[in-house]
Amino acid sequence: MKEWEQPLLLLSCLLHPNYCIKLFNNATINYVTMGSWLIYYYNVWMGKQSKCILKELDNYRLEIYPFNSDTWDQFNGNVYRYWCFACTSTSELGFVACRIFGICVNAASVERL
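Each residue of the sequence shown is one higher than the one before, starting from 1 at the first, in UniProt numbering.
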């Protein structure tokens, strides 16, 4: 697997409903690769092993409610509020997404994560 220098940035693109995987034009960036990063960050931030994050990611990929465009459209582009809402329907993916989208890009550093 290719080592990426900015996995959180890649995950933020993947988990943004406007972009998803469509933004990437690279065969090595896919839901399987991104799933491994989601598992990693969930384990680090929660201090426990993931049990269902890949299933939840697949629901997101398949646009199963609340991950459908009708739901996203109601948030007028506010990705953080969207994920805070969707978080109540997930056990793990929503936590990671809210954590990622809660990071202020200008203030983010390795020490603060």
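C-beta: ideal position from N, C-alpha, C; glycine also. Here the structure is a predicted model, which means the values were calculated and not measured.
Rounded Cβ spacing between residue i and residue j (contact assumed at less than 8 angstroms)
i: residue 101; j: residue 36; result: Going by Cβ atoms, the distance from residue 101 to residue 36 rounds to 20 angstroms, so no, they are not a contact pair.
i: residue 71; j: residue 65; result: 6 angstroms
i: residue 9; j: residue 31; result: Incorrect: roughly 17 angstroms between the Cβ atoms, too far for contact.
i: residue 14; j: residue 34; result: 5 angstroms
For residue i, the three-state DSSP class (helix, strand or coil)
i: residue 93; result: helix
i: residue 35; result: helix
i: residue 43; result: helix
i: residue 17; result: coil
i: residue 52; result: coil
i: residue 27; result: coil
i: residue 81; result: helix
i: residue 65; result: coil
i: residue 88; result: coil
i: residue 103; result: coil
i: residue 59; result: helix
Burial state of residue i, where buried means 16 or more other Cβ atoms lie within 10 Å
i: residue 21; result: exposed
i: residue 86; result: buried
Contact set for residue i: own chain, Cβ-Cβ below 6 angstroms, skip 5 residues either direction
i: residue 50; result: 39, 42 and 92
i: residue 61; result: 31
Residue i CB to nearest heavy atom of the ligand GDP below 7 angstroms
i: residue 61; result: Of ligands this structure carries none, so the ligand GDP is not represented either.
Beta-carbon proximity list for residue i, same chain, < 8 angstroms, skipping 5 on both sides
i: residue 82; result: 17, 71, 72 and 75
i: residue 45; result: 95, 96 and 99
Sequence-distant residues of the same chain with beta carbon closer than 7 angstroms to residue i, five excluded per side
i: residue 89; result: 66
i: residue 84; result: 98
i: residue 52; result: 91 and 92
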